[in-house]
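Quick notes on the structure that follows.
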Amino acid sequence: MVLFCLLAFFVIFVIGLVGGVRRRTKQFKLWFILSAAFLVITVISSYTDSTEDALTQTVTVTAIDADWVKQVMEIANKNVKETEKFDEVSALAQSYRVENENELKDYEKYLVDEFEAREYLRDIKNHENMLQNTFIATVVCEHYKDQENQPIHTFAFNILQNTKYTYQSVDAIDSDTVVENEEQMEKALERIK
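In this note's numbering, the protein residues as written are 32 to 224.
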């Protein structure tokens with residue numbers, strides 16, 4: 032947009048210059064003032080539009096963050112395959128940012144409690160529960176993505192893998208892969224506690 036403004040300013044200025052040289056200097060001054068005014072108005076307008084766009088995006092993201100449970104429930108009730116639901120919730124979770132450490136700790140505790148009670152895979156046909164677990168595990172994984180050696184990252188990653196592949200009917204809840212991931216989660220829990 033700024034490039035367009037500069038180009039328009041140059042064109043108007045050149046027209047004014049050519050007209051001013053052939054005619055009078057008053058006309059040249061008028062063209063110069065008009066072209067400068069056009070440039071200033073266009074730049075200010077461009078800045079205002081981009082500021083309003085940024086503000087709109089911030090408000091939209093905040094609204095999404097505040098109501099993720101509702102959005103997960105809406106996705107769970109869609110008439111699409113589990114893979115599509117999982118992908119949509121994963122994308123939502125990857126863009127979500129925890130507001131404070133307490134929220135993150137609550138999510139971590141939730142995952143640990145679900146695993147220790149063996150509830151996280153209890154009903155793999157329960158879309159709401161599986162997608163909520165997906166969301167929370169993804170948020171925790173994303174938070175620690177640059178710290179993959181952290182035991183909570185390992186734990187959340189493995190719970191996410193088991194949730195994903197059992198929900199999408201790739202693995203059975205008693206498959207070797209699920210059992211191996213649970214062994215990794217047990218080791219991570221020992222390091223966490």
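Glycine included, every Cβ here is placed at the ideal spot set by N, Cα and C.
Where the alpha helix (DSSP H) through residue i begins and ends
i	result
Q125	E113 to S126
I223	D207 to I223
Y138	E132 to E147
L191	P182 to Y198
L152	Where L152 is concerned, there is no enclosing alpha helix (DSSP H), given that its DSSP letter is neither H nor E.
K176	Unbroken run through K176: none, as it is neither H nor E.
A107	W99 to A107
Beta-carbon spacing of residue i, residue j below 9 Å
i	j	result
V120	T165	yes
V170	L135	yes
T197	I155	yes
Q212	I190	The residue asked about is misnamed: residue 212 is Asn in this sequence, not Gln. Yes, the pair counts as a contact, with Cβ atoms nearer than the cut-off.
Whole-Å CB distance - residue i paired with residue j, under 8 Å assumed
i	j	result
A203	L162	Actually they are not in contact, since the Cβ atoms of A203 and L162 sit about 20 Å apart, beyond 8 Å.
Q192	E113	Contact doesn't hold; Cβ gap of about 15 Å is too wide.
Y141	W99	Wrong, their Cβ atoms sit about 13 Å apart, outside the cutoff.
E173	A124	7 Å
A219	P182	4 Å
Distance between residue j and residue i (C-alpha atoms, nearest Å)
i	j	result
V143	E105	25 Å
A168	N110	24 Å
N180	F188	11 Å
D96	D137	Confidence is the limiting factor: at D96 the pLDDT is only 49, short of 50, which leaves the residue's position unreliable, though a coordinate-based value still follows. Roughly 16 Å separates the two Cα atoms.
F117	K224	30 Å
E115	R153	21 Å
M216	Y151	13 Å
K101	E159	10 Å
E139	Y175	11 Å
E130	V201	34 Å
D177	D207	28 Å
R222	N133	20 Å
E145	T194	12 Å
D205	E214	12 Å
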